[in-house]
Amino acid sequence: MKRIILTGGGTAGHVTPNIALIPRLQELGYTIQYIGSYEGIEKKLIEELGIPYSGISSGKLRRYFDLKNFSDPFRVVKGYFEAKKILKEFHPDIIFSKGGFVAVPVVQAAKSLHIPVIIHESDMTPGLANRLALPAATKVCCNFPETLSSLPEGKAVVTGSPIRQELHSGNRLAGMKFCGFSADKPVLLIIGGSLGSVAVNQAIRGILPELLKSFQVVHLCGKGNLDEDLKNTTGYVQYEYIKQELPDLFALADVVVSRAGANAICELLDLRKPNLLIPLPAASSRGDQILNARSFEKQGFSEVLMEDDITPEVLLSRIQDLYQNRQTYISAMEHSAASDAVTKITALIEETVQNTSIG
């Protein structure tokens, strides 16, 4: 029986791609175990799926002064020995790491036991945790062609990021019924991120009367960001967060306005949704969303509007242009190498396992 350990954590973005792989890995006959931190977000998400979960100690290397910088190296060392013990007991054929600092000791433990490792980098440039893991990796999966130059030659493969297969099972009519919409206008879906984007929310609501002349609008505005004054606006619905009905809302959407997080834009690519990306400004991040968005723009998948450049007139014009030219973006996405990532990555896992057993 084939065995695999999945690892990654710290944020949902380091867990959801692993979750997307699980159904296909189970179909291929893999016994799966997950290694994450003691009480990270990954623990709840994985245990809900009934996958065996093991927690280990983990630390973080910060680029600023913090007293934890002195204690965290000891946590990482402890995590390394905990991971090594788990690997010896489980005897995995392969490790798949989505990154985050909890994955570093797991990958290093696998290297010491000569277990092959495949890691996945979502952003244009590798994060620190994945840079530490690269020397131990057999293969490295990435989302962007530009990332290949930042990765070891011969190891890197453009696969895209695995997305949950249930997102493909949405029903447009079910989405229309859920939102109370009609079939007489196209649908614009706004995704501001799990916490919501104040800038995006305000900009969309500022042009809502004009938008509603041409579109029906579904607004995922983030926790605590509902506007009660707009509650009964015809053709406009707002939700803090959607889980179960999200596939139906994607099926309903003709065009999308979104932040440019790696997982979010890979979902849009896989679902062939024409999109306008408004990346998180560099001042609020390490600039990865800007790089992600520019890559998708260069490949013809997306329109990009910087947050500092938003005016009511510009935003309205860009959304209208996006809709008018939507087929151009759909055609470009259909020819992307970074789609159907679940199939590509699981095939790479199978190949690596077979080559290791032959070797």
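Numbering follows this note's numbering, in which position 160 of the sequence shown is assigned residue number 597; successive positions increment by one, without gaps. Every residue, glycine too, gets a C-beta built ideally from N, C-alpha and C.
Could you check whether the stretch 525-538 touches the stretch 438-451, counting it as contact only if at least three pairs of C-beta atoms, one from each stretch, sit closer than 8 Å? Look at the beta carbons and you see the stretch 525-538 touching the stretch 438-451: at least three pairs across the two are nearer than 8 Å.
What would DSSP say about Q764, mapped onto helix, strand or coil? For Q764, the secondary structure class from DSSP, reduced to helix, strand or coil, is helix.
Please confirm whether L797 and L686 have their CB atoms less than 8 Å apart. Missing from the structure shown is residue 797; the chain here goes from 438 to 796 and no further.
Can you check DSSP and say which residues form a bridge with K576? Beta-bridge annotation (DSSP): K576 is paired with I555.
Which word fits P711, buried or exposed, when buried means at least 16 other C-beta atoms lie within 10 angstroms of its C-beta? Under this definition P711 is a buried residue.
Using beta-carbon positions only, say whether I488 and Y471 come within less than 8 Å of one another. The answer is yes: Cβ separation under 8 Å.
Note down, in chain order, each residue of its chain lying with its Cβ closer than 6 Å to the Cβ of V790, except the 5 sequence neighbours on either side. Around V790, the same chain offers D530, I531 as residues with beta carbons nearer than 6 Å, after the five sequence neighbours per side are excluded.
Out of N700, N669, L663, F652, which one is the CA nearest neighbour of D691? Comparing Cα-Cα distances from D691 to each of N700, N669, L663, F652, the minimum goes to F652.
N-terminal and C-terminal residue of the beta strand (DSSP E) that F533 is part of: F533 -> beta strand (DSSP E) spans 531-534.
Take every Cβ of the stretch 602-622, pair it with every Cβ of the stretch 579-593, and state whether three or more of those distances are shorter than 8 Å. As far as the Cβ criterion goes, the stretch 602-622 does not touch the stretch 579-593, which means the pair count is below three.
Range of the contiguous alpha helix (DSSP H) that encloses G564: The continuous stretches of alpha helix (DSSP H) do not include G564, and DSSP gives it neither H nor E.
Could you give the distance in angstroms between the alpha-carbon of C616 and the alpha-carbon of V637? When rounded, the distance between both Cα atoms is 21 Å.
Check each candidate in R512, V624, L663, R723 and name the one with the smallest Cα separation from Q639. Looking at the Cα atoms, L663 is the closest of the given residues.
Do you know offhand how far H557's Cα is from A701's? The straight-line gap from Cα to Cα measures roughly 16 Å.
Are L667 and M561 close, meaning C-beta to C-beta below 8 Å? For L667 and M561, no; Cβs fall outside 8 Å.
So what does DSSP say about R499, is it helix, strand or coil? Because the pLDDT at R499 is just 49, under 50, the model does not fix this residue reliably, and the value given afterwards should be weighed accordingly. For R499, the secondary structure class from DSSP, reduced to helix, strand or coil, is coil.
Runs of beta strand (DSSP E) wholly within the stretch 683-768 (minimum 3 residues, chain order): Qualifying beta strand (DSSP E) stretches, in chain order: 692-695, 712-714, 739-741.
Distance CB(P599)-CB(L706) smaller than 8 Å: No; because the gap between Cβ atoms is not below 8 Å, this pair is not in contact.
Identify which residue in G537, Y490, T765 has its Cα closest to the Cα of T448. Nearest option by C-alpha distance: G537.
Going along the chain, which residues of its own chain have a beta-carbon closer than 6 Å to the beta-carbon of E479, five neighbours each way excluded? For E479, same chain residues with a beta-carbon under 6 Å away, outside a window of 5 residues either side, are G446, V452, G473 in chain order.
DSSP state of Y467, grouped into three classes? Looking at Y467 - three-state DSSP - the assignment turns out to be strand.
Counting only the same chain and skipping the five closest in sequence on each side, list residues whose C-beta sits under 7 Å from that of I767. The beta carbon of I767 sits closer than 7 Å to the beta carbons of R709, P711 from its chain, once the five residues preceding and following it are set aside; these are given in chain order.
According to DSSP, which residues form a beta bridge with V625? Correcting the residue type first, residue 625 is Leu in the shown sequence and not Val. V654, V692.
Enumerate in chain order the residues of its own chain whose CB-to-CB distance from L753 is below 6 Å, with the five nearest sequence positions on each side excluded. Within the same chain, L753 has close Cβ partners I644, E647.
As assigned by DSSP and simplified to three states, the class of K439: The answer is strand: DSSP assigns K439 an E or B state.
Between the alpha carbons of S606 and V779, how many angstroms are there, rounded? Going by the C-alpha atoms only, they are around 15 Å apart.
Can you tell me whether V543 sits near the ligand SAM, meaning its C-beta is under 7 Å from at least one heavy atom of the ligand? Among the components modelled here there is no ligand, and therefore nothing to report on the ligand SAM.
Thinking just about the alpha-carbon of each residue, which of R755, L759, F738, F511 is nearest to the one in M770? When only C-alpha atoms are compared, the closest one is F738.
Enclosing beta strand (DSSP E) for I493 [first to last residue]: Where I493 is concerned, the enclosing beta strand (DSSP E) stretches over 490-493.
Burial state of S794 (16 or more Cβ within 10 Å): So S794 ends up on the exposed side.
Assuming contact is defined by CB atoms lying nearer than 8 Å, are I555 and C579 in contact in what I supplied? Inclusion of I555 and C579 in the CB contact set at 8 Å is not warranted, their separation being larger than that value.
Please confirm whether L689 and Y676 have their CB atoms less than 8 Å apart. No, the Cβ-Cβ distance between L689 and Y676 is not below 8 Å.
Cβ-Cβ distance between E740 and L713 below 8 Å: Yes, Cβ-Cβ distance for E740 and L713 is below 8 Å.
For Q675, report the span of its beta strand (DSSP E) as first-last. Q675: member of the beta strand (DSSP E) spanning 673-676, first to last residue.
Would you call E665 buried or exposed, if buried means 16 or more other Cβ atoms sit within 10 Å of its Cβ? Result: exposed.
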